[in-house]
Amino acid sequence: MATKTRILLAPRKLKLPSSLRTYHSHNHPAPPGPFTPVESTILSASAPHIPTHGFTLTTLSLGAKDAGYIDASTNLFPRGAFALVQWHLYTQRMALQHHTGIISPEVRDGGRAPGVGSKVKMLTWERLMGNREVVHRWQEALALMALPSNIPPSVGELGALSDEIWYLSGDTSVDSSWYTKRASLSSIYAASELFMTTDKSDGYKETRAFMDRRFGDVQAVGSAVGSLGQWVGFNARSGLNVLRSKGARI
Amino acid sequence: MALFSAFRPVFSSHSLPVYDFLAPSLFQIHRAPRSIRHLSTTPQRHTLSNFQNDSPSTAPRTPKTGTEATSNPASTSKPLTQAQRDFLSRALRVNQTGELAAVLIYAAQTPVIVASHPHLRPLMKHMYDQEAGHFVTWNALLSRHRVRPTALYPVWTMAATVLGWGTAVMGREAAMACTEAVETVIGGHYNEQVGGLLEIFKEMEAEGVEVGEDLRVLVESVRRIRDEELEHLDHALENDAQKAVPHELLTGVIRAGCRGAIWVSERV
């Protein structure tokens, strides 16, 4: 107990997920996650209490008690209940890579493998379903995330989520669309998540329809912008070639 | 291609570290004779297809415990440090940006140059093809390692096109001077990168960590691409780059611009 308390008394600042999007090695193991082993133990013990006690310090101290630590060990989390939110976001994001049925589906003879777009949709839906257990408490989490000091890690986590979804779906674009894709998926996800907190329909049918409409909107805007760009590019090139054929040295 | 690869055993992963970055273009042992210099040495998917097939490296392996070896037999024991990952992602990002710019510069120069100097068509096509191959290589590595591309992608697109077109309109000598200036900076930059990568290898070996296959492939790619860029520099000099008027001013401005672009795209 004495050593345990000593470990607990040294406050560790929770690392932000900002460092997640650097070089990802396939030969070397991934760097450790943002939580220390003690924090992980307490937080994973707290998670089952969230549906009843919400994203609160009560949940955190109940979890600490369950894991065999003293109540005061909630001091370990300088951001308090926000650590629970971060834990939830982090574990749900990491859980996405286990949906192997979506990421690398078996293709039967003559069937077509689902494209990147439909994989993104399915993974986004799976992530929304990851909130199912806590959705009646999710507005507490949203309130915590909206505190000014918590906004940067929350936005970082949202970005990391859409990066994860695009990566798992097999997207390999590395031009400007890298940014637009992540930005649009983040906005779709955030809107659908907010919609889900008020959705009382069976099996979250309304949320599903809402999410599908948002994806449709983004695709419509994207293809309009793409067509416009193609048209402008074609005309500019034709004009240039007309001038060249007239003998202009350009 | 088989013929050409016979000249390249010097760069197999078994001979690391070779400090050839100290003298890039003085020793030309790795270069093929002039007759086949116009072969592109950048196969489209070379780096990716070889990740799995490469023979296991002969570097000294660190002993592993039984559980470690069974759970993750082919991999190395330690994660890369934050500093190493930052270096690698910066390096990949700036390389992709550089090759994007190179592709666009040659694409913009080619029609203008070829219209007045048709004999340069094979050379321009050769250099363009090589740059396109490099661009594909870096694109593949960026998406494989989840490195974000530069945020100023549209800016570099525009700048490179304007630079290529502008120098081509100024004439053959100016276009070649542009190539000379760009490739000088890029060659030096790739050189520094090889140095940095070998530094990382040394750090890892000092800690007893085995260097992963990915990193060995990366350092080979950087070396190969650097040599091809320096070959473009030779081509530019052979084609009267030094006769551009005003040569010093033009190359000076372009070199400064390239260094600034490298500095910015490492960060943004």
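In order, the protein sequences belong to chains A and B. When you line the first sequence up against my numbering, it's residues 592 to 841, in that order. When you line the second sequence up against my numbering, it's residues 993 to 1260, in that order. Even glycine gets a Cβ: it sits at the ideal position worked out from N, Cα and C.
Taking B/Asp1121 as part of the alpha helix (DSSP H), name the residues at either end of that continuous run.
Arg1113 to Arg1136
Mapping the DSSP letters down to three states, classify A/Arg699 as helix, strand or coil.
coil
Return the chain-ordered list of same chain residues with a C-beta closer than 7 Å to the C-beta of A/Gly624, the five sequence neighbours on each side being excluded.
Tyr681
If you run the structure through DSSP and keep just helix, strand and coil, what is A/Tyr681?
helix
Is B/Pro1141 buried or exposed, if buried means 16 or more other CB atoms sit within 10 Å of its CB?
buried
Against chain B, does A/Trp729 count as a neighbour if the rule is that its beta carbon must be under 8 Å from one of theirs?
no
With contact counted as at least three CB pairs below 8 Å, one residue from each stretch, are the stretch 688-696 of chain A and the stretch 628-646 of chain A in contact?
no
DSSP three-state assignment for A/Ala686, whether helix, strand or coil
helix
Does DSSP put B/Ile1021 in a helix, a strand or coil?
Model confidence at B/Ile1021 stands at a pLDDT of 44, short of 50, so the residue's coordinates are unreliable; what they give is reported in the following sentence. Three-state DSSP puts B/Ile1021 in coil, outside helix and strand.
Thinking just about the alpha-carbon of each residue, which of B/Ala1166, B/Val1177 and B/Ala1100 is nearest to the one in A/Leu831?
B/Ala1100
What does A/Trp581 reach in chain B if we use C-beta pairs closer than 7 Å?
The question about residue 581 of chain A has no answer, for chain A in this structure spans 592 to 841.
Quick check: what's the CA-CA separation for B/Val1186 versus A/Ser652?
Their backbone Cα atoms lie some 51 Å apart in a straight line.
B/Trp1130 classed as buried or exposed, judged by whether at least 16 other C-beta atoms fall within 10 angstroms:
buried
Excluding the 5 residues preceding and the 5 following A/Lys837 in the sequence, name in chain order all residues of the same chain whose CB lies nearer than 7 Å to its CB.
none
Do you know offhand how far B/Val1106's Cα is from A/Leu687's?
52 Å
Proximity of B/His1181 and B/Ile1254 at Cβ, strictly below 8 Å
yes
Quick one: give me the first and last residue of the alpha helix (DSSP H) that B/Gln1234 is part of.
Unbroken run through B/Gln1234: none, as it is neither H nor E.
Nearest CA to the CA of A/Ser777: which residue from A/Leu735, A/Gly702 and A/Val809?
A/Val809
Just to confirm the assignment: which complete alpha helix (DSSP H) runs, minimum length 4, are found wholly within the stretch 731-759 of chain A?
Counting whole runs of 4 or more residues, the stretch 731-759 of chain A contains the alpha helix (DSSP H) stretches 742-759.
Beta-carbon neighbours of B/Pro1071, restricted to chain A and to distances below 9 Å
Within 9 Å of the CB of B/Pro1071, the CB atoms of chain A belong to Ser616, His619, Pro620, Ala621, Pro622 and Pro623, in sequence order along the chain.
Between B/Glu1172 and B/Ala1124, how many whole angstroms is the CB-CB distance? I'm expecting something under 8 Å.
No, B/Glu1172 and B/Ala1124 are not in contact; Cβ-Cβ is about 20 Å, not under 8 Å.
Neighbourhood of A/Leu752 by C-beta, 6 Å cutoff - its chain only, sequence neighbours within 5 removed
If we look at A/Leu752 and ignore the five residues flanking it on each side, its Cβ neighbours are Arg684.
Give the DSSP-derived three-state secondary structure of A/Phe673 in the structure shown.
helix
Can you give me the C-alpha to C-alpha distance between A/Ala839 and B/Ile1178, rounded to a whole angstrom?
Distance between the alpha carbons of A/Ala839 and B/Ile1178 is about 33 Å.
Reduced DSSP category for B/Leu1096 - H, G, I as helix; E, B as strand; rest coil:
B/Leu1096 carries a helical assignment under DSSP once its states are collapsed to helix, strand and coil.
Quick check on A/Val823 - is its C-beta less than 8 Å from some C-beta in chain B?
no
Compute the Euclidean distance between the alpha carbons of A/Thr665 and B/Asn1183, then round it to the nearest angstrom.
Whole-angstrom Cα-Cα distance: 51 Å.
B/Asp1206: contacting residues in chain A (beta-carbon distance under 9 Å):
Ser616, His617, Asn618 and His619
What residue does the alpha helix (DSSP H) around B/Val1177 start on, and which one ends it?
Arg1164 to Ala1198
Neighbour list for B/Arg1113 in chain A, Cβ cutoff strictly below 7 Å
Near B/Arg1113 there are no residues of chain A at all, since even the closest Cβ is about 15 Å away, more than 7 Å.
Cβ closer than 7 Å: which chain D residues qualify as neighbours of A/Val765?
In the structure shown, chain D does not exist; the protein chains are A and B.
Using 8 Å as the limit for Cβ to Cβ distance, is A/Tyr758 near chain B?
Output row for A/Tyr758: interface = yes.
So B/Leu1072 and A/Ser616 are in contact, right, with Cβ under 8 Å, and what is the actual spacing, rounded?
With a Cβ gap of about 6 Å, B/Leu1072 and A/Ser616 count as contacting.
Hey, is B/Tyr989's beta-carbon within less than 8 Å of any beta-carbon in chain A?
The requested residue 989 of chain B does not occur in the structure, where chain B is confined to residues 993 to 1260.
Applying the criterion that 16 or more other CB atoms from any shown protein chain within 10 Å of the CB defines a buried residue, is B/Gly1156 buried or exposed?
buried
CB A/Glu614 to CB B/Arg1077, shorter than 8 Å?
Just to set this straight, residue 614 of chain A is Tyr in the shown sequence, not Glu. In contact: A/Tyr614 and B/Arg1077 (Cβ atoms closer than 8 Å).
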